[in-house]
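So the protein lines, in turn, are chains S and P.
For my numbering, count along the first sequence from 1 and bump the result up by 13.
For my numbering, count along the second sequence from 1 and bump the result up by 13.
A short worksheet on the structure shown next.
There are 2 protein chains.
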Amino acid sequence: MSPRGAAARERADATDSAPTELRAADGRVPGRRGLATRQRLLDCTARLLANTSYRDLKVTDISREAGTSPATFYHYFPDIESALTVLAQATADRGAELAELVGEEPWKGTVGYDAALRLVDGVLVFWGENAAVLRVVDLLAKEGDEGFRAIRTRMLNSTTRALSDAIVNLGDKGNEDVDATAMAAVLVSMLAHVAEHQPGLEAAQISVDGLRESMARLVYGGVTGRRVATPR
Amino acid sequence: MSPRGAAARERADATDSAPTELRAADGRVPGRRGLATRQRLLDCTARLLANTSYRDLKVTDISREAGTSPATFYHYFPDIESALTVLAQATADRGAELAELVGEEPWKGTVGYDAALRLVDGVLVFWGENAAVLRVVDLLAKEGDEGFRAIRTRMLNSTTRALSDAIVNLGDKGNEDVDATAMAAVLVSMLAHVAEHQPGLEAAQISVDGLRESMARLVYGGVTGRRVATPR
DNA sequence: GGCGATTCTGACACCCCGTCAGGCCGTCCG
DNA sequence: CGGACGGCCTGACGGGGTGTCAGAATCGCC
């Protein structure tokens, strides 16, 4: 029906716990030189994606940018989506580290609000640096692509879990009856969406500082069930 | 460089306050029959978009589905994006009505939480019904397309403003120092993002009811600055 | 029934896709 | 040093989508 089939297959491979040794189109394992051009293709894909609409991203352009022929691209990737999968994996791995910003200490008072702000800033920066890849991951996940959905989930799961733990660890009466996982997921969604649309929101005359503070308040409130004591 | 130019032009037209009378490719105003096939093309575009990845949406398929030739499509739209613009406009107009769910009464106590829940449910339903178009609008807005960004902003602005008014009208001490617009924008972002990814979140074992309640809590908390009194 | 206006489309040139078979080039062995 | 082997690359091609004409088909009206 569409090139989906092959892409899904490679993506499944890439998802395996033991990453099946990398194979080129001819089934052989690439050597040093091959891996280099493969990486070059990935870099060019990422670079082009930053300046091109996803719909207009062409294999032709990628390979031209990389100084090779289109056939070379197909030697290393069954299709564009597979290259994107690899980029998405790498990005997601780095994104998973955002969870560390949640911290270990219980979110009491100022400690909590500071942690919230740190998380907000971390997300904004990370999304700013990886906007191009992240928006494609987001689209494909929404379109129901299982592979990209899994990548996205894995990327956000650690942060979601960290927040969920923070909620449970607090054991506060104010929010002991919330579904901690759901609340954490909602908070992460909020962070992701604002980060994704930050340029658009700015263009609509909404102050970035205001967004930051609002998000931090909501994260703090969502985790602790309490209002912010002294936001400033 | 790309078909962007023509698309941007038509989109600009569509944005004009006085919608320049509709023109076909030959510059003439379509009659009854022409408008009918134009509409048929739009319907087929929407239908296909629901089952096809955005990247795989082809003029060929749309026109085949509509029982005409590709040339006919180009008679009414300079490119696919322009057809999507029209669909997006219509969807956005309906989406703007979500603002009514915020209500006029001040968000004190149960009234407020009920309003929050009503809004949450409204957003979830609306996004469920228009997922295909909305995700493309979202992508193109993120990619920096001014036309789609404007459509999106217009769609969400009324709800954002309504929430912002609700915050200000409360005049509560608990949140009088928040940037009401930013807070409202963040809340709307949260609603939109969870709604967009609802299927994915469900697939990740996150309960829809939990999401609903968490969002309602955050909306209530964001607007009033208070914790939820009796969530159940 | 015929005529002009409207609507549609066949045909075409162009470009991208995806896939071979075969060519290039480093390097290792004799 | 020369040859040959293996890993790497690409020219070339069939298939199909894009976008644009000129002109054919259809409609509505006299």
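Each residue gets a CB set at the ideal place from its N, CA and C atoms; glycine is no exception.
When C-beta atoms of the region 130 to 144 of chain P are compared with those of the region 136 to 147 of chain S, fewer than three pairs fall below 8 Å, so the two segments do not count as touching. Of P:Y89, P:Y126, P:A144, P:T237, the smallest CA-CA separation from V191 (chain P) is found for P:T237. A distance of 7 Å or more separates the beta carbons of A195 (chain P) and S66 (chain S). Cβ-Cβ distances below 8 Å link L224 (chain S) to V207, Q211, L214 in the same chain, with the five nearest sequence neighbours on each side left out; the list follows chain order. Contacts with chain P at 7 Å (Cβ-Cβ) include M196 (chain S).
Per DSSP, reduced to three states, the secondary structure at T81 (chain P) is coil, with no helix or strand assignment. Taken through DSSP and simplified to helix, strand or coil, R46 (chain P) comes out as helix. Ranked by Cα distance from T172 (chain S), the first of S:A59, S:P83, S:A129 is S:A129. Taking 8 Å as the upper bound for CB-CB distance, A205 (chain P) and I180 (chain P) are not in contact here, some 18 Å apart.
A straight line joining the alpha-carbon of Y87 (chain P) with that of A38 (chain P) spans about 7 Å.
A direct Cα-to-Cα measurement between R51 (chain P) and D178 (chain S) gives close to 54 Å. By the rule that beta-carbons nearer than 7 Å mark a contact, V199 (chain P) touches chain S. Taking the Cα of M168 (chain P) as reference, the smallest distance to any Cα among P:G125, P:D151, P:A59 is reached at P:D151.
For L35 (chain P), the nearest beta carbon of chain S is not closer than 7 Å to its own beta carbon.
The region 91 to 111 of chain S makes contact with the region 155 to 166 of chain S, as at least three CB pairs between them are under 8 Å. Annotated three-state conformation of L35 (chain P) is coil, per DSSP. Against E226 (chain S), the close residues of chain P are V191, D192, A195, in the order they occur along the chain (beta-carbon pairs closer than 8 Å). Secondary structure within the region 172 to 216 of chain S: the alpha helix (DSSP H) runs of 4 or more consecutive residues, fully enclosed, are 193 to 209, 211 to 216 (chain order). Think of a sphere of 8 Å around the beta carbon of E156 (chain P): the chain S residues whose beta carbon falls inside it are S66, Y67, R148, in chain order. With a threshold of 7 Å between beta carbons, M168 (chain P) makes no contact with chain S.
At least 7 Å separates the CB of V138 (chain P) from every CB of chain S. Contact check between the region 119 to 127 of chain P and the region 140 to 160 of chain P: fewer than three CB pairs, one atom from each, fall below 8 Å, which does not count as touching. Of the residues P:L147, P:T73, P:E34, P:V201, the one whose Cα lies closest to the Cα of A112 (chain P) is P:V201.
In this structure, the alpha-carbon of T85 (chain S) lies about 39 Å from that of L55 (chain P). In this structure V199 (chain S) touches L231 (chain P) by the C-beta definition: roughly 7 Å separates them, less than 8 Å. The beta carbon of A59 (chain P) sits no closer than 7 Å to any beta carbon of chain S. The beta carbon of C57 (chain S) lies closer than 7 Å to those of I75, E78, A79 in the same chain, with the five residues before and after it left out.
Around R148 (chain P), the same chain offers E209 as residues with beta carbons nearer than 7 Å, after the five sequence neighbours per side are excluded.
In terms of beta-carbon proximity, S202 (chain S) lines the interface with chain P, with at least one pair separated by less than 7 Å.
With its beta carbon less than 7 Å from one in chain S, V207 (chain P) belongs to the interface. Counted as a single uninterrupted DSSP element, the stretch harbouring T65 (chain P) is not any alpha helix (DSSP H), since DSSP gives it neither H nor E. Closest in C-alpha terms to S227 (chain P), from the list S:R46, S:R36, S:E94, S:M203, comes S:M203. Taking C-beta atoms under 8 Å as the contact rule, F161 (chain P) and A109 (chain P) fail to qualify, at a distance of about 15 Å.
Take the alpha-carbon of R36 (chain S) and the one of P43 (chain S): they are about 7 Å apart.
Secondary structure of K155 (chain S) (DSSP, three-state): helix. The three-state reading of DSSP puts I219 (chain S) in coil, since its state is none of H, G, I, E or B.
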